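Here is the structure we will look at.
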Amino acid sequence: MELLLIIAAACILALLILRFKAAKIIAKLTGDLRQREEVIARQQQENLDLLSRVAALSKYQTIIDAEEWAKKLISEAELELAKAKQDAALERQSANLSAKTRIEQSEEKLEQARLAAERIIELANKRAEEIAGEAYAAMNRAKEFAETAKAMKNIVEGYGDAYIVPTYNLLDDLAEEFAFTDAGKRLKAARDATRSMVKSGRAATCDYAEANRKGTAIRFVIDAFNGKVDSILSRNKADNHGKLEQEIRDAFALVNHNGTAFRNARITDEYLASRLEELKWAATAQALKDQEREEQRQLREQIREEEKARREFERAIKDAAKEEETIKKAMDKVLQQVATANDAQRAEYEVKLRELEAKLQVAEEKNQRALSMAQQTRAGHVYVISNIGSFGEEVFKIGMTRRLEPKDRIRELGDASVPFEFDVHAMIFSDDAPGLEKTLHRHFLRRQMNKVNPRKEFFRLVLTEIRAELENLGVETHWTMAADAHEFRETIRLEQQILENPVIAQQWTRHQLEFEPQEELEEAQEAV
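Those letters in the sequence shown? Residues 608 to 1135, per the numbering used here, in order.
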């Protein structure tokens, strides 16, 4: 091993020496080149001087000796200049070729030496890994491991072991809220089991032999896994159990994969099962909570409906009693007139009296009906309605109301929560309206649109099926088989006209902008 390193160092040193010699040669050739360039510059300057001397002697052109002498001088100068240029070009070419050749040779030797050194170092590293195995690989990552261990140590020493135990969260609140149910008890037991496994060291394991390293690695994977699982459990709903279970299993696989860097630090299958048990009973408890919330909503709606029905009954009884009293007073007045009337007048008064008696009978029946409805807790109307514009064809709502005027309830259903009003296909009075409604709901159970919430009373079926079932039950009523859907059909017609006619589109837009709801007008008038 040491011999290989010495050889590598010697090669590198030889390369450095060769590079230094090459640099010296290049510097010498560069100096020679500069000297040649200076000679050329001097020759050019001398030529310029000669030319200036010729110009000065030009006034003696008539003298033959001077002219020949000038020409001789110029010729000699030009020959000297050409010779100097040629010598300089040859010297420069020779210097460039020599320098280029030596540089290429030096770089080639340097590259050969570098490759040889890399092969030697690679063989040395390979041999070192064969000898030292994981110890050498760990040495190369010593800095990374040291920084990770330092960070983990700071966290653990700063917060203690408690931070890796799942903390109190909304699942514990859910368990407490439904502690009276089996699901609540099971959820609480699962949460306690999870915390107990962390504290007893059964949540994770590791292959480190040294205690401190093993403890640090175990705390690291537990912290990572619990962070992911707690985040997943916070999104718990009654209908997403399968998706969240897969997310927890994926988190288990990823954390264990990442834990291989710490001597196979990993979450145990037992701890995974415990956290999945939490999810299972959390979903069950959440379903109970949703069911309870829906039952409370239904109860509040029923109370409001019954309160409205009670007020209607009271108003109907009061109106009927007032009408009876008015008719009786009219009858008393007619009787008094009969006593003092002649035969012709008596006959006229008797006709009025019979009319008043008939009206009194109607008022008494109305009063009796209102009293009967108020006393009967199950009497009411079962209705079958549709809303093509809101829900489409062949979708019907089968509901029940105890109102004296059941259509008031239908109008309430068609308020701002849906874009179009409902059409009534059947309105059936029954002494046991809740029972009849329940019978129909159970018969068409598989046709219910909302398969999650059984209290949603919308069904996808054909109207003739509802009619046939009611006839099988011996219920007779008037049916309106075709839905009017007036607002919906008028809207379709208007949309087509708006697309085809810009004038109609402009008129419709102006009308909509000028529209003010009646409630807002009344509030504005009251404010004034």
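The beta carbon of each residue, even a glycine, is placed where N, CA and C say it ideally should be.
Computed from a predicted model, the values in this text were never measured in an experiment.
> Are the beta-carbon atoms belonging to S993 and F1029 less than 8 Å from one another?
Replying inline: Residue mapping note: residue 993 aligns to position 386 of the sequence shown, counting from 1. Residue mapping note: residue 1029 aligns to position 422 of the sequence shown, counting from 1. Cβ distance < 8 Å, so S993 and F1029 count as in contact.
>> Check this for me: beta carbons of H848 and L794, under 8 Å apart or not?
In response: Residue mapping note: residue 848 aligns to position 241 of the sequence shown, counting from 1. Residue mapping note: residue 794 aligns to position 187 of the sequence shown, counting from 1. The answer is no: Cβ separation not under 8 Å.
>> So if DSSP puts S993 in a beta bridge, which residue, or which two residues, is it bridged to?
In response: Counting from one through the sequence shown, the residue named residue 993 turns up at place 386. DSSP, once it has assigned bridges, lists F1003, D1030 as partnering S993.
> By DSSP, does A769 sit in helix, in strand, or in coil?
Replying inline: Residue 769 sits at position 162 when you count from the first residue of the sequence shown. The pLDDT assigned to A769 is 45, lower than 50, so where the model puts this residue is not dependable; a value taken from the coordinates is nonetheless given after this. Looking at A769 - three-state DSSP - the assignment turns out to be helix.
> So, is the C-beta of R1096 closer than 8 Å to a C-beta in chain D?
Replying inline: The structure shown contains no chain D, having only a single protein chain.
> Between which two residues does the alpha helix (DSSP H) carrying F827 extend?
Replying inline: Here the question's residue 827 lines up with position 220 in the sequence shown. 818-840 is the extent of the alpha helix (DSSP H) around F827.
>> For V991, which residues in the same chain have their Cβ closer than 7 Å to its Cβ, ignoring the five residues on either side in sequence?
In response: Taking the sequence shown and counting its residues from 1, the one referred to as residue 991 is at position 384. F1003, I1005, H1032, A1033, I1073, listed in sequence order.
> According to DSSP, what are the bridge partners of Q1055?
Replying inline: Stepping through the sequence shown from its first residue, residue 1055 is reached at position 448. The partner list for Q1055 (beta bridge, DSSP) reads F1066.
> Does DSSP put G1139 in a helix, in a strand, or in coil?
Replying inline: The structure shown has nothing for residue 1139, since the chain only spans 608 to 1135.
> When you compare only the Cα positions, how much space is there between S841 and G834?
Replying inline: Counted from its first residue, the sequence shown places residue 841 at position 234. Counted from its first residue, the sequence shown places residue 834 at position 227. Distance between the alpha carbons of S841 and G834 is about 11 Å.
> What three-state label does DSSP hand T1087 in the structure shown?
Replying inline: Along the sequence shown, read from residue 1 onward, the residue named residue 1087 stands at position 480. Reduced to three states, the DSSP call for T1087 is coil.
> Should R873 go down as buried or exposed, given a rule of 16 or more other Cβ atoms within 10 Å for buried?
Replying inline: Residue numbering aside, residue 873 sits at position 266 when the sequence shown is read from its first letter. Per the 10 Å Cβ criterion, buried.
>> For a test of the three-state rule: what should DSSP assign to R1009, helix, strand or coil?
In response: Reading the sequence shown from its first residue, position 402 is the one you call residue 1009. R1009 falls in the coil class under three-state DSSP.
> From R961, H1118, Q1113, G996, pick the residue whose C-alpha is nearest to that of D1091; which is it?
Replying inline: Taking the sequence shown and counting its residues from 1, the one referred to as residue 1091 is at position 484. Among R961, H1118, Q1113, G996, the Cα nearest to that of D1091 is on G996.
> Three or more beta-carbon pairs under 8 Å between the segment 918-927 and the segment 942-956, yes or no?
Replying inline: no
> Just the Cα atoms here: how many angstroms apart are L851 and R882?
Replying inline: The residue given as residue 851 occupies position 244 in the sequence shown. The residue given as residue 882 occupies position 275 in the sequence shown. Spanning the two alpha carbons is a distance of roughly 11 Å.
> Buried or exposed: where does N871 fall if 16 or more other Cβ atoms within 10 Å of its Cβ makes it buried?
Replying inline: Residue mapping note: residue 871 aligns to position 264 of the sequence shown, counting from 1. Classification of N871: exposed, given that the 10 Å Cβ count is below 16.
> Roughly how many whole angstroms lie between the Cα atoms of D876 and A860?
Replying inline: The sequence position of residue 876 within the sequence shown is 269, counting from 1. The sequence position of residue 860 within the sequence shown is 253, counting from 1. Roughly 11 Å separates the two Cα atoms.
> In terms of residue numbering, what span does the alpha helix (DSSP H) encompassing P1109 cover?
Replying inline: Here residue 1109 is taken as the residue at index 502 of the sequence shown, counted from 1. Here the alpha helix (DSSP H) through P1109 covers 1109-1121.
>> Buried or exposed, going by whether 16 or more other CB atoms sit within 10 Å of the CB of R826?
In response: Here residue 826 is taken as the residue at index 219 of the sequence shown, counted from 1. By the neighbour-count rule (16 or more Cβ atoms within 10 Å), R826 is buried.
> For G822, which of V805, V836, H1093 has the nearest alpha-carbon?
Replying inline: Position 215 of the sequence shown, counted from the first residue, corresponds to residue 822. Ranking the options by Cα distance to G822, first place goes to V805.
> For R1009 versus G987, is the C-beta distance shorter than 8 Å?
Replying inline: Taking the first residue of the sequence shown as 1, we reach residue 1009 at position 402. Taking the first residue of the sequence shown as 1, we reach residue 987 at position 380. Yes. Within cutoff.
>> By the three-class DSSP mapping on this structure, what secondary structure does S1024 have?
In response: Against the sequence shown, residue 1024 aligns to sequence position 417. DSSP places S1024 in coil when its eight states are reduced to three.
>> On the CB-based measure, 16 or more other CB atoms within 10 Å of its CB, does I829 come out buried or exposed?
In response: Walking along the sequence shown from the start, residue 829 turns up at place 222. Buried is the call here.
>> Counting C-beta neighbours from all protein chains within 10 Å, is the total for R1016 16 or more, i.e. buried, or is it exposed?
In response: For the purposes of this step, residue 1016 is taken as the residue at position 409 of the sequence shown. Looking at its Cβ environment, which holds 16 or more other Cβ atoms inside 10 Å, R1016 is buried.
>> Let me confirm a value: A892 is counted as buried when at least 16 other C-beta atoms fall within 10 Å, else exposed. Which label applies?
In response: Working through the sequence shown from its first residue, we reach residue 892 at position 285. When all chains shown are included, A892 counts as buried.
> Alpha carbon to alpha carbon, what distance is there between H1050 and H1118?
Replying inline: The residue labelled residue 1118 in the question sits at position 511 within the sequence shown. The residue labelled residue 1050 in the question sits at position 443 within the sequence shown. Computed Cα separation, rounded: 47 Å.
> Along the chain, which unbroken stretches of the alpha helix (DSSP H) at least 4 residues long are found entirely within the segment 853-885?
Replying inline: none
> Where do the N-terminal and C-terminal ends of the alpha helix (DSSP H) with P1041 fall, by residue?
Replying inline: Stepping through the sequence shown from its first residue, residue 1041 is reached at position 434. Segment 1040-1050, the alpha helix (DSSP H) holding P1041.
> Do you know how far the Cα of E901 is from the Cα of L1089?
Replying inline: Along the sequence shown, read from residue 1 onward, the residue named residue 1089 stands at position 482. Along the sequence shown, read from residue 1 onward, the residue named residue 901 stands at position 294. Note on residue identity: the sequence assigns Ala, not Leu, to residue 1089. Rounded to the nearest angstrom, the two C-alpha atoms are 33 Å apart.
> In three-state terms, what does DSSP make of T891?
Replying inline: Counting from 1 along the sequence shown, the entry for residue 891 is found at position 284. T891 falls in the helix class under three-state DSSP.
> When you compare only the Cα positions, how much space is there between K935 and K959?
Replying inline: Taking the sequence shown and counting its residues from 1, one reaches residue 935 at position 328. Taking the sequence shown and counting its residues from 1, one reaches residue 959 at position 352. Taking the straight line from one Cα to the other gives about 12 Å.
> What residues in its chain sit with their C-beta under 7 Å from that of I855, if we drop five residues either side in the sequence?
Replying inline: The sequence position of residue 855 within the sequence shown is 248, counting from 1. Closer than 7 Å at Cβ, skipping near neighbours: V836, I839, R882, L883, L886.
>> Mapping the DSSP letters down to three states, classify A811 as helix, strand or coil.
In response: On the sequence shown, residue 811 is found 204 positions in, with the first residue counted as 1. A811 falls in the strand class under three-state DSSP.
>> Contact defined as beta carbons within less than 8 Å: I believe A970 pairs with E919. What is the distance between those atoms, to the nearest angstrom?
In response: Your numbering for residue 970 matches position 363 in the sequence shown. Your numbering for residue 919 matches position 312 in the sequence shown. A970 to E919, Cβ: 17 Å. No contact.
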